[in-house]
Amino acid sequence: MFFLSLIEHTLRLSPHLLDLPLSEAIKGELESLFLDKVVANLGLCIFVNDIRSIDGGFVFPGDSASTCILKSKIWFSYFIYLGLCHAYIFCCRKR
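1 is the number of the first residue of the sequence shown in the UniProt record's numbering; add one for each residue after it.
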């Protein structure tokens, strides 16, 4: 079972990514943050689908990185999340 979730995230783009197109740099950073990681109450992130909106692009004082607020759709797998939870519970009961 797979499901699609809309996530709003504040993302910091390092200066070395600013020479890439904005959508490509953001998608790469999102994949490094979420891909193959378990997010609580959502499951295992398997695919960054698309970027719905990008707001901001502001720089904080004393920081050289660009920060933006974005909304993106990400695919999650719920079965693997359940399997991990059941394996953890099973291991804890054996102690």
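Each residue gets a CB set at the ideal place from its N, CA and C atoms; glycine is no exception.
Per-residue burial, residue i [other beta carbons within 10 Å of its own, 16 or more giving buried]
i, result
"Ser72", "buried"
"Val59", "exposed"
"Phe2", "exposed"
"Ser66", "buried"
"Leu33", "exposed"
"Leu35", "exposed"
"Leu20", "exposed"
Residue i - DSSP class collapsed to helix/strand/coil
i, result
"Phe2", "strand"
"Gly62", "coil"
"Leu17", "helix"
"Lys71", "strand"
"Leu44", "strand"
"Leu11", "strand"
CB contact flag (residue i, residue j, <8 Å)
i, j, result
"Ile7", "Ile74", "yes"
"Phe76", "Gly43", "yes"
"Leu13", "Cys68", "yes"
For residue j and residue i, believed in contact at Cβ under 8 Å, the rounded distance
i, j, result
"residue 96", "Ile54", "An answer regarding residue 96 cannot be provided, because it is not within the stretch 1 to 95 covered by the chain."
"Glu31", "Val48", "5 Å"
"Leu70", "Ile51", "6 Å"
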